[in-house]
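The numbering used here applies: residue 34 is where the sequence shown begins, and numbers increase by one.
Glycine included, every Cβ here is placed at the ideal spot set by N, Cα and C.
For clarity, every value in this text was computed on a predicted model and none was experimentally measured.
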Amino acid sequence: MTATGKTVLQASLDVFRTHGMTTIFGNPGSNELPFLAGLGDDFRFVLGLHEQVVVGMAEGFARATGRPVLVNLHAASGSGNGMGALTNAHYGHVPLVVLAGQQVRRTVGQETMLASADAATLPTPLVKYSHEPLSATDVPRTLSQAAFEATTQPSGPVYVSVPLDDWDEEALDDDDLLTTRKVSTGRGLDPQLQEELLASLDGAKHPALVVGPQVDAAAVSDPEVLEAVQSLAEKLDASVYVAPSPTRCPFPTTHPNFEGVMVPGIKSVRDRLADHDVVLVLGAAVFRYHRWEPSNYLSPGTEVVQITQDPREATRAPFGKAVITDVASSAATLADGVTDRGTRRGERGSRIMNSAATSAEGMTGGEILEVLNEHVNDSVSYVNETTTLDLDYLERVAIDRPGMYSFPASGGLGFGLPVAVGMSIGAPEKTVVATVGDGSANYGITALYTAAQLQARTVFVIVNNSGYGALAGFAQRMGVPKVPGLALGGIDFVSLAKGYGVPAKQTSTRAEFAAAYREALDATGPVLIDASIVS
Numbered sequence: 034m035t036a037t038g039k040t041v042l043q044a045s046l047d048v049f050r051t052h053g054m055t056t057i058f059g060n061p062g063s064n065e066l067p068f069l070a071g072l073g074d075d076f077r078f079v080l081g082l083h084e085q086v087v088v089g090m091a092e093g094f095a096r097a098t099g100r101p102v103l104v105n106l107h108a109a110s111g112s113g114n115g116m117g118a119l120t121n122a123h124y125g126h127v128p129l130v131v132l133a134g135q136q137v138r139r140t141v142g143q144e145t146m147l148a149s150a151d152a153a154t155l156p157t158p159l160v161k162y163s164h165e166p167l168s169a170t171d172v173p174r175t176l177s178q179a180a181f182e183a184t185t186q187p188s189g190p191v192y193v194s195v196p197l198d199d200w201d202e203e204a205l206d207d208d209d210l211l212t213t214r215k216v217s218t219g220r221g222l223d224p225q226l227q228e229e230l231l232a233s234l235d236g237a238k239h240p241a242l243v244v245g246p247q248v249d250a251a252a253v254s255d256p257e258v259l260e261a262v263q264s265l266a267e268k269l270d271a272s273v274y275v276a277p278s279p280t281r282c283p284f285p286t287t288h289p290n291f292e293g294v295m296v297p298g299i300k301s302v303r304d305r306l307a308d309h310d311v312v313l314v315l316g317a318a319v320f321r322y323h324r325w326e327p328s329n330y331l332s333p334g335t336e337v338v339q340i341t342q343d344p345r346e347a348t349r350a351p352f353g354k355a356v357i358t359d360v361a362s363s364a365a366t367l368a369d370g371v372t373d374r375g376t377r378r379g380e381r382g383s384r385i386m387n388s389a390a391t392s393a394e395g396m397t398g399g400e401i402l403e404v405l406n407e408h409v410n411d412s413v414s415y416v417n418e419t420t421t422l423d424l425d426y427l428e429r430v431a432i433d434r435p436g437m438y439s440f441p442a443s444g445g446l447g448f449g450l451p452v453a454v455g456m457s458i459g460a461p462e463k464t465v466v467a468t469v470g471d472g473s474a475n476y477g478i479t480a481l482y483t484a485a486q487l488q489a490r491t492v493f494v495i496v497n498n499s500g501y502g503a504l505a506g507f508a509q510r511m512g513v514p515k516v517p518g519l520a521l522g523g524i525d526f527v528s529l530a531k532g533y534g535v536p537a538k539q540t541s542t543r544a545e546f547a548a549a550y551r552e553a554l555d556a557t558g559p560v561l562i563d564a565s566i567v568s
């Protein structure tokens, strides 16, 4: 047992209680017995003799009560029997949580009797969310998400398949956070919610803002959004962080309240937020982790409130309160309503960029970023696909305009070169500077042909460490340093670029790179710089 002393079943039942889902409609089978046997006395099981009737009764109950209803079906066969009635619930937007029993987890792939071979696919497209958790410990969070998905507009039925041996596994300590989660939806902040948020922010001793890509996207068309977020941070004297794995830069890196990008690991985020009692997440997921760092999500006493325009971001979060609404108007409302604490950390634009490390062995990636920063101006936008520099980039380059910085959202390689060319085509008055790792460059190298043909104003900087540097770093952290296939070498990017019609130079020192970069900015068409760095 964990410190909570709960099993997955007990934690899941707490989730159902939180959502008022204590009446269950079902027709039991063998896969469902461990779940049904563990129900508390406060749960009522309503037996139906055929699954279509079971789903139909649950729909009627939901219509009468206005609450989400739990339906228990038997694996693939029982789910199939209920799908006729599920059609009605789907088009009627009735909030049902269909919980289907699955065979013992280790036997599903063998397609043993009563195993649902592809459970999550089975009920689609008649449900708005369908999932079979990849581990027993994720069952309570999945059921929490399912309940919120069912009730978040547009409401409708959802489906979760759970292997029968999951219920007796140990629950996570953090599952207790699921019972305090709330997800609200509105057109802006209603008066009561506005009052609650303002009271929480005004009462915070050490508040923080975590801002994400929805802020930057909104600010591209409405610059007042960025003004509101800056004003909110200043009035609260709040530390401002960019959410983990940033796809855009939603807050000026030159602002004195800016404190960097959050490292995308559970423990790293917990440690960064540990000194903050109230954390307002604006326009970002909670949170897009990458590194596996086992830890509790939050330190005791840290309250997280999320405002997002993405319902799926709100429902899947494992902790905190979420509001699904317009981020721009919410930021303006909060900025106008919070009490100004009267302290300022300095003038806007006064933050000094962090200095880069140097090496006697050659140029570092940080030095490349410093050179870029020396030439920042309103005519330049940046695309970054150097995973080894993703955290350093916003620490060392002055990004202070909406839409000025782009980074891939998924982690798949091949983003940088083609996106930079596309941005140049879409905004020909801009110069687009793309920093791309030598590993990533190989996935999108043919974009150079289009850049040459259209004479796109793109500067391609190949940050060349002769390998998959980010993977090498991960290998070290994971304790598996001897991984094959991470070293690259012998790729002549200068010749490749010239072959596609793009002028190119190779550099290995800061002075060489600075000179080549100045020339590239003055060019009338695309230019590639192969910048060799030390790892």
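Around the beta carbon of proline 158, fewer than 16 other beta carbons sit within 10 angstroms, so the residue counts as exposed.
Approximately 19 Å separates the beta-carbon atoms of lysine 300 and serine 272; this is outside 8 Å, ruling out the contact.
Asparagine 498 sits buried, since 16 or more C-beta atoms from the chains shown fall within 10 Å of its C-beta. Closest in alpha carbon position to threonine 358, among Phe352, Ala251 and Lys268, is Ala251. If you look at valine 130, you'll find it isn't in any alpha helix (DSSP H); it sits in the beta strand (DSSP E) that goes 129-135.
In the DSSP secondary-structure assignment, glycine 219 is not bridged to any residue.
DSSP places aspartate 563 in the strand class (E or B) of the three-state scheme.
Between leucine 315 and leucine 269, the C-beta gap is not smaller than 8 Å, which leaves the two residues out of contact. The three-state reading of DSSP puts phenylalanine 493 in strand, counting E and B together. The residue among Val137, Thr421, Val243 and Gly436 with its C-alpha nearest the C-alpha of proline 67 is Val137. Of the candidates Asp207, Tyr274, Gly399 and Gln225, Tyr274 places its Cα closest to the Cα of valine 248. Going by C-alpha positions, glutamate 545 is about 48 Å away from threonine 335. Counting only residues of its own chain and dropping the five nearest sequence neighbours on each side, glutamate 92 has a CB closer than 6 Å to the CB of Ala122 and Val127.
Excluding residues up to 5 positions away in sequence, Ala169, Val172, Asp199, Trp200, Glu202 and Ala204 lie with their Cβ nearer than 6 Å to the Cβ of valine 41 in the same chain. Judged by their CB atoms, tyrosine 330 and proline 351 are nearer to each other than the 8 Å cut-off. For the options Gly455, Val360, Tyr162 and Trp325, the alpha carbon positioned closest to that of threonine 218 is the one of Val360. Residue state for serine 278 is assigned as coil, using DSSP reduced to three classes. The three-state secondary structure of lysine 39, taken from DSSP, is coil. When the alpha-carbon of alanine 460 is set against those of Ser443, Ala393, Gly477 and Met437, the nearest one is in Met437. Going by DSSP, glutamine 178 is part of the alpha helix (DSSP H) stretching over 172-184. As DSSP reads the structure, glutamine 339 sits in a beta bridge with Val314 and Ala355. Separation of arginine 281 and alanine 442 (C-alpha to C-alpha, rounded to the nearest whole angstrom) is 9 Å. Comparing alpha-carbon positions, the option among Gln85, Asp369, Ser457 and Asp471 lying closest to leucine 222 turns out to be Asp369. Counting other Cβ atoms within 10 Å of its Cβ, glutamine 339 reaches 16 or more and is therefore classed as buried. Around valine 465, the same chain offers Ser414, Val416, Ala453, Met456, Ser457, Arg490 and Thr491 as residues with beta carbons nearer than 7 Å, after the five sequence neighbours per side are excluded. Residues Thr55 of the same chain have their beta carbon placed closer than 6 Å to that of phenylalanine 76, with the five preceding and five following residues left out of the count. In this structure, threonine 175 keeps its C-beta atom at 8 Å or more from the C-beta atom of valine 216. Residue state for alanine 530 is assigned as helix, using DSSP reduced to three classes.
Taking C-beta atoms under 8 Å as the contact rule, leucine 80 and asparagine 60 qualify, at a distance of about 7 Å. Here leucine 103 is bridged, per DSSP, to Ile57 and Val130. When DSSP reads this structure, threonine 468 sits in a beta bridge with Asn417 and Val494. Annotation for glutamate 394: no beta strand (DSSP E) segment contains it, and DSSP assigns it neither H nor E. The Cβ-Cβ distance between glycine 382 and aspartate 433 falls below 8 Å. Within the stretch 199-248, the complete alpha helix (DSSP H) segments at least 4 residues long are 224-236, listed from N- to C-terminus.
Relative to leucine 487, the option among Pro559, Val244 and Arg374 whose CA is nearest is Pro559. Isoleucine 495 sits close to phenylalanine 526, with the two beta carbons spaced by under 8 Å.
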